[in-house]
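K.L.:
Protein chains: 2
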Amino acid sequence: MDFNKKLESYRREINGSLEEIFTKQEPAILYEPMRYAVNIGGKRVRPILCGIFYRMLKGKKKKVLYPALAIELLHNFTLVHDDIMDDDDLRRNQQTVHVKWDLSTGVLSGDGIVSLAYRVLIKEKYKNSDKIIKVFTDGLLEVCEGQAYDKEFETRENVTEKEYIRMINNKTAALLAVPAQIGALCAEAQDEIVSLAEAYGRALGLAFQIQDDLLDIAGDEALFGKTYGSDVSEGKKTYLYILAKKLMSEKDQKVFNSIAGHEDATKAELFKVKKLYEKYGIITKAEEEAAKYIKKAAKIINSFPKGYDVTELKEFTEWMLKRKY
Amino acid sequence: MDFNKKLESYRREINGSLEEIFTKQEPAILYEPMRYAVNIGGKRVRPILCGIFYRMLKGKKKKVLYPALAIELLHNFTLVHDDIMDDDDLRRNQQTVHVKWDLSTGVLSGDGIVSLAYRVLIKEKYKNSDKIIKVFTDGLLEVCEGQAYDKEFETRENVTEKEYIRMINNKTAALLAVPAQIGALCAEAQDEIVSLAEAYGRALGLAFQIQDDLLDIAGDEALFGKTYGSDVSEGKKTYLYILAKKLMSEKDQKVFNSIAGHEDATKAELFKVKKLYEKYGIITKAEEEAAKYIKKAAKIINSFPKGYDVTELKEFTEWMLKRKY
Numbered sequence: 001m002d003f004n005k006k007l008e009s010y011r012r013e014i015n016g017s018l019e020e021i022f023t024k025q026e027p028a029i030l031y032e033p034m035r036y037a038v039n040i041g042g043k044r045v046r047p048i049l050c051g052i053f054y055r056m057l058k059g060k061k062k063k064v065l066y067p068a069l070a071i072e073l074l075h076n077f078t079l080v081h082d083d084i085m086d087d088d089d090l091r092r093n094q095q096t097v098h099v100k101w102d103l104s105t106g107v108l109s110g111d112g113i114v115s116l117a118y119r120v121l122i123k124e125k126y127k128n129s130d131k132i133i134k135v136f137t138d139g140l141l142e143v144c145e146g147q148a149y150d151k152e153f154e155t156r157e158n159v160t161e162k163e164y165i166r167m168i169n170n171k172t173a174a175l176l177a178v179p180a181q182i183g184a185l186c187a188e189a190q191d192e193i194v195s196l197a198e199a200y201g202r203a204l205g206l207a208f209q210i211q212d213d214l215l216d217i218a219g220d221e222a223l224f225g226k227t228y229g230s231d232v233s234e235g236k237k238t239y240l241y242i243l244a245k246k247l248m249s250e251k252d253q254k255v256f257n258s259i260a261g262h263e264d265a266t267k268a269e270l271f272k273v274k275k276l277y278e279k280y281g282i283i284t285k286a287e288e289e290a291a292k293y294i295k296k297a298a299k300i301i302n303s304f305p306k307g308y309d310v311t312e313l314k315e316f317t318e319w320m321l322k323r324k325y
Numbered sequence: 326m327d328f329n330k331k332l333e334s335y336r337r338e339i340n341g342s343l344e345e346i347f348t349k350q351e352p353a354i355l356y357e358p359m360r361y362a363v364n365i366g367g368k369r370v371r372p373i374l375c376g377i378f379y380r381m382l383k384g385k386k387k388k389v390l391y392p393a394l395a396i397e398l399l400h401n402f403t404l405v406h407d408d409i410m411d412d413d414d415l416r417r418n419q420q421t422v423h424v425k426w427d428l429s430t431g432v433l434s435g436d437g438i439v440s441l442a443y444r445v446l447i448k449e450k451y452k453n454s455d456k457i458i459k460v461f462t463d464g465l466l467e468v469c470e471g472q473a474y475d476k477e478f479e480t481r482e483n484v485t486e487k488e489y490i491r492m493i494n495n496k497t498a499a500l501l502a503v504p505a506q507i508g509a510l511c512a513e514a515q516d517e518i519v520s521l522a523e524a525y526g527r528a529l530g531l532a533f534q535i536q537d538d539l540l541d542i543a544g545d546e547a548l549f550g551k552t553y554g555s556d557v558s559e560g561k562k563t564y565l566y567i568l569a570k571k572l573m574s575e576k577d578q579k580v581f582n583s584i585a586g587h588e589d590a591t592k593a594e595l596f597k598v599k600k601l602y603e604k605y606g607i608i609t610k611a612e613e614e615a616a617k618y619i620k621k622a623a624k625i626i627n628s629f630p631k632g633y634d635v636t637e638l639k640e641f642t643e644w645m646l647k648r649k650y
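Protein sequence lines, in the order shown, are assigned to chains A and B.
One point on numbering: in this note's numbering, the residue at position 195 of the first sequence is 195, and numbering is uninterrupted.
Start counting at 1 in the second sequence, then tack on 325, and there's your number in this note's numbering.
(1) Name, please, each residue of chain A whose Cβ falls closer than 8 Å to the Cβ of residue 406 of chain B.
(2) Give, in chain order, every unbroken run of the alpha helix (DSSP H) that is at least 4 residues long and sits entirely within the segment 541-600 of chain B.
(3) Which residues, in chain order, does the segment 438-458 of chain B contribute to contact with chain A at a C-beta distance below 8 Å?
(4) Hey, would you say residue 618 of chain B sits closer than 8 Å to residue 532 of chain B, going by beta carbons?
(5) Closer than 7 Å by C-beta to residue 269 of chain A: which residues in its own chain qualify, once you throw out the five before and the five after it? Chain order, please.
(6) Tell me which residues of the segment 147-172 of chain A have at least one Cβ-Cβ distance to chain B shorter than 8 Å, keeping chain order.
(7) Secondary structure at residue 527 of chain B, three-state DSSP: helix, strand or coil?
(8) For residue 536 of chain B, name the three-state secondary structure that DSSP assigns.
(9) Could you pull the start and end residues of the alpha helix (DSSP H) that residue 418 of chain B belongs to?
(10) With 7 Å as the C-beta to C-beta threshold (strictly closer), list the residues of the segment 331-364 of chain B near chain A in chain order.
(11) At what residues does the alpha helix (DSSP H) containing residue 644 of chain B begin and finish?
(12) In three-state DSSP terms, what is residue 628 of chain B?
(13) What's the C-alpha gap between residue 440 of chain B and residue 122 of chain A?
(14) Taking all protein chains shown into account, do 16 or more other C-beta atoms lie within 10 angstroms of the C-beta of residue 82 of chain A, making it buried, or fewer, making it exposed?
(15) Taking only the alpha-carbon atoms, compute the straight-line gap between residue 284 of chain A and residue 278 of chain A and give it to the nearest angstrom.
(16) Can you check which of these residues, A:147, A:233 and A:232, is closest to residue 168 of chain A by C-alpha distance?
(17) Pick helix, strand or coil for residue 512 of chain B, following the three-state DSSP scheme.
(18) Kindly indicate which three-state DSSP category residue 295 of chain B falls into: helix, strand or coil?
(19) Counting C-beta neighbours from all protein chains within 10 Å, is the total for residue 9 of chain A 16 or more, i.e. buried, or is it exposed?
(20) Give the single residue among A:241, A:256, A:204 and A:274 whose Cα lies nearest to the Cα of residue 314 of chain A.
(21) If you run the structure through DSSP and keep just helix, strand and coil, what is residue 158 of chain A?
(22) Using the beta-carbon count (16 or more within 10 Å), is residue 76 of chain A buried or exposed?
(23) Measuring only the C-alpha atoms, how far is residue 120 of chain A from residue 17 of chain A?
(24) With a cut-off of 8 Å, does the C-beta of residue 511 of chain B fall near any C-beta of chain A?
(25) Between B:501, B:430, B:607 and B:431, which has its C-alpha nearest residue 465 of chain B's C-alpha?
(26) Would you say residue 465 of chain B lies against chain A (beta-carbon separation less than 8 Å)?
(27) On the criterion of 16 or more Cβ atoms from any shown chain inside 10 Å, does residue 305 of chain A qualify as buried, or is it exposed?
(28) Less than 8 Å between the C-beta atoms of residue 215 of chain A and residue 286 of chain A, yes or no?
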């Protein structure tokens, strides 16, 4: 089957199961925004990845795994609260919870979603349940740490590459490592295999995030998009931004500073930033950094014992990372 | 030993253990406000109750139980987020987290505390670990539901007594039922005993909350306190408020409405509300309702099998409920 069709069918199954989870309707003031936030869409990357690892490692169950759904809920919880912290009005072209309702509802429904995530996580018992819960919990705390670093970056200009990588490792990569590990744990994989799954998820997450940073401005296609350079105009501390601060001459930094972080920056100005990024080899450097993690992920995939069919994992990885820019 | 001294020693032990939990310092932007919120004080009622049940049911360990600490963290998480939702500036005479830092820090450190709560909860394995985690998780979601009902009450005047009791059962009583149950589960008590523990915690919580509502205005002592009638001036939907809306004549409701919910209400006006409460037997009715649950709690205590020494549980219950008003 074509991988995109496969993804579609996984997604349908996951969405159906997520819907079933919301058996309770009352208090509507809690469950309505919770359901809204979870149904707002998304690619369901994390539960899909969890399922892929589970099947690859010869897990026996046919149906969607509850822990996979729990991870999707955990992810949605972080989105609801991050939107409050970043004061974002829209997510996937829909109003964010705290905008559609209010701040309290945003805080509370996020809390409700993380509670529900744990409830779903423990719904079914596995041989490795204790490890599954531990990985899930460590992931939750790690994501909070990542968000804290990200917030802290807003207040300073001297963020190093190392600090940036640590931040995205916590904030983005953790939530890809968790489903990979939990898929493996549900399949009762051995510790070394679970470690491989984690390493894969982290490499994937790091590559994905740096690519995402690049996508904002680097591609020719991006230029025609509505949100070209929005990271730049928001002054977001991306990998590119951090390199700019490190590498650009004082004169060019002045130009950069006059555009970055200015929400009214024009497309021409943003394009000027792109040119500056190119001048200092920043785009190439970011591409190389992403490539490093892509290579790492590929290496890990190939290191799984022979008996396992890694086809689907390869397809998934390509789909996640082979975005044009 | 005098029970108050015992409480003091329990509290010291709990506070010491809570301090040990914070081994990690970085990112400070996360762990500082988390530690602040947890160390802001409090009576540590929940972990103490958990320990009392554990010892009463012949649990074997000497040291403070991690699950007890996890419940205290869970409680603190709810306070940090509730303070945001209620826009409260002070808690125990100290600035609340979102005021001392900012909104984002309030949201995120609450999230961090609940993550840490789970991490502490699963730190040590018990025979009943799966049940312990389930009770804990159900409690977390229930508290969210209670908070949602409480929020929803703000928007309407026709809250019934039944709805009110359900709300405080979710919001207050759940977090006393959870430590009682978990104390019992850690001691490997049988299901019936765990159910008794839950029923006790709920009765205690309901009695406690209604007494708390009464304390705001009913006592002669309260009259001399700085915060006399603050529930009234804030227009909080307490048990008394709800009865007022149900029982008062139209004319008296007008008087009531001209005072309740007005932050600039004078002490004389608040005293007038007290007189109205008395006129309609509302204070007596609330006292009777509290007494009903106190009686229930006492009955449950006496229904524990003979082999268990309920002395400490009795002392605790008296200490919790024998507040003058």
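Beta carbons: idealized from backbone N, C-alpha and C, even for Gly.
P.N.:
According to the data block:
(1) Taking the second sequence and counting its residues from 1, one reaches residue 406 of chain B at position 81. Chain A residues near residue 406 of chain B: 107, 108 and 111.
(2) Runs of alpha helix (DSSP H) with 4 or more residues, each lying fully within the segment 541-600 of chain B, are found at 545-549, 555-558, 564-572 and 575-584, listed in chain order.
(3) Those residues of the segment 438-458 of chain B that come within reach of chain A (Cβ to Cβ, closer than 8 Å) are 439, 440, 441, 443, 444, 447, 450, 454, 455 and 458.
(4) Along the second sequence, one-based indexing puts residue 618 of chain B at 293. Along the second sequence, one-based indexing puts residue 532 of chain B at 207. Yes, the Cβ-Cβ distance between residue 618 of chain B and residue 532 of chain B is below 8 Å.
(5) The residue you call residue 269 of chain A lines up with position 269 of the first sequence. Around residue 269 of chain A: 259.
(6) Using a CB distance below 8 Å, the part of the segment 147-172 of chain A facing chain B consists of 147, 148, 149, 151 and 152, ordered along the chain.
(7) Translated into the one-based positions of the second sequence, residue 527 of chain B becomes position 202. Helix at residue 527 of chain B.
(8) Position 211 of the second sequence, counted from the start, is the residue given in the question as residue 536 of chain B. If DSSP states are grouped into helix, strand and coil, residue 536 of chain B belongs with the helices.
(9) Numbered from its first residue, the second sequence carries residue 418 of chain B at position 93. Taken as a continuous stretch (DSSP letters only), residue 418 of chain B belongs to no alpha helix (DSSP H), as it is neither H nor E.
(10) 352, 354 and 355
(11) Counted from its first residue, the second sequence places residue 644 of chain B at position 319. Run containing residue 644 of chain B: 636-646, per the alpha helix (DSSP H) assignment.
(12) Numbered from its first residue, the second sequence carries residue 628 of chain B at position 303. Here residue 628 of chain B sits in coil by DSSP.
(13) In the second sequence, counting from the first residue as 1, residue 440 of chain B sits at position 115. In the first sequence, counting from the first residue as 1, residue 122 of chain A sits at position 122. Cα to Cα, the separation comes out at about 16 Å.
(14) Locating residue 82 of chain A in the first sequence gives position 82, counting from the first residue. Buried, because 16 or more other Cβ atoms sit within 10 Å of the Cβ of residue 82 of chain A.
(15) By one-based count along the first sequence, residue 284 of chain A stands at place 284. By one-based count along the first sequence, residue 278 of chain A stands at place 278. Roughly 8 Å separates the two Cα atoms.
(16) The residue given as residue 168 of chain A occupies position 168 in the first sequence. The residue with the shortest Cα to Cα distance from residue 168 of chain A is A:147.
(17) Here residue 512 of chain B refers to the residue found at position 187 of the second sequence. In the structure shown, residue 512 of chain B sits in coil (DSSP, three-state: anything other than H, G, I, E or B).
(18) Outside the shown range of chain B, which is 326 to 650, sits residue 295 of chain B, and nothing can be said about it.
(19) Along the first sequence, read from residue 1 onward, the residue named residue 9 of chain A stands at position 9. Burial call: exposed.
(20) In the first sequence, counting from the first residue as 1, residue 314 of chain A sits at position 314. Among A:241, A:256, A:204 and A:274, the Cα nearest to that of residue 314 of chain A is on A:204.
(21) To locate residue 158 of chain A, count along the first sequence from 1; it is residue 158. If DSSP states are grouped into helix, strand and coil, residue 158 of chain A belongs with coil.
(22) In the first sequence, residue 76 of chain A corresponds to position 76, counting from 1. Buried.
(23) Counting from 1 along the first sequence, the entry for residue 120 of chain A is found at position 120. Counting from 1 along the first sequence, the entry for residue 17 of chain A is found at position 17. Whole-angstrom Cα-Cα distance: 11 Å.
(24) Taking the second sequence and counting its residues from 1, the one referred to as residue 511 of chain B is at position 186. Cβ-Cβ to chain A under 8 Å: no for residue 511 of chain B.
(25) The sequence position of residue 465 of chain B within the second sequence is 140, counting from 1. Of B:501, B:430, B:607 and B:431, the residue nearest in Cα terms is B:501.
(26) To locate residue 465 of chain B, count along the second sequence from 1; it is residue 140. Chain A, which has a Cβ nearer than 8 Å to the Cβ of residue 465 of chain B, makes this yes.
(27) For this step, residue 305 of chain A is matched to residue 305 along the first sequence. With fewer than 16 other Cβ atoms within 10 Å, it is exposed.
(28) Stepping through the first sequence from its first residue, residue 215 of chain A is reached at position 215. Stepping through the first sequence from its first residue, residue 286 of chain A is reached at position 286. Not in contact: residue 215 of chain A and residue 286 of chain A (Cβ atoms no closer than 8 Å).
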